[in-house]
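Visitor: Each residue of the sequence shown is one higher than the one before, counting from 40 in the working numbering.
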Amino acid sequence: MQLSQIGSKNLARLACVLAGGVWGIVWIPLRALDIAGIPGAWATSLLHLIPALILLPLVLLRFTKIRAAGIPLQAIGSSLGISMMLYSTAFLYTD
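1) How many Å lie between L50 and L125 at the Cα?
2) Anyone know if the C-beta pair for T83 and T133 falls short of 8 Å?
3) Just the C-alpha distance for P68 and A107, rounded to the nearest angstrom, thanks.
4) Starting from A114, trace the alpha helix (DSSP H) both ways and give me its first and last residue.
5) What's the gap between the Cα of F102 and the Cα of G79?
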């Protein structure tokens, strides 16, 4: 086994652990907003709006590259964002 394959496996394991940790932490502010009286759809919107506003300058700086990537990239990004918002809202309503 080559060293690069060992490094790739460890990197994949680390990515899985970090993704699981971040995924678990995402629900804490979502629950806090729901408990504070902000209903599910609004809580989800707030949770996703703040990072979107933070990333907006980066999107504007790279707008020509994003536009050059075409409709498929924009469709994938939009569908991922919409599916995450719907899943988060369903999580709050079906608890």
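We put the beta carbon where it would ideally sit given N, CA and C, even for glycine.
Guide: Here's the rundown:
1) Looking up residue 50 in the sequence shown gives position 11. Looking up residue 125 in the sequence shown gives position 86. Going by the C-alpha atoms only, they are around 30 Å apart.
2) Position 44 of the sequence shown holds residue 83. Position 94 of the sequence shown holds residue 133. No, they are not a contact pair.
3) To locate residue 68, count along the sequence shown from 1; it is residue 29. To locate residue 107, count along the sequence shown from 1; it is residue 68. If I take the Cα positions, the gap works out to 36 Å.
4) Position 75 of the sequence shown, counted from the start, is the residue given in the question as residue 114. Taken as a continuous stretch (DSSP letters only), the alpha helix (DSSP H) holding A114 covers 110 to 132.
5) Here residue 102 corresponds to residue number 63 of the sequence shown, with the count starting at 1. Here residue 79 corresponds to residue number 40 of the sequence shown, with the count starting at 1. About 32 Å.
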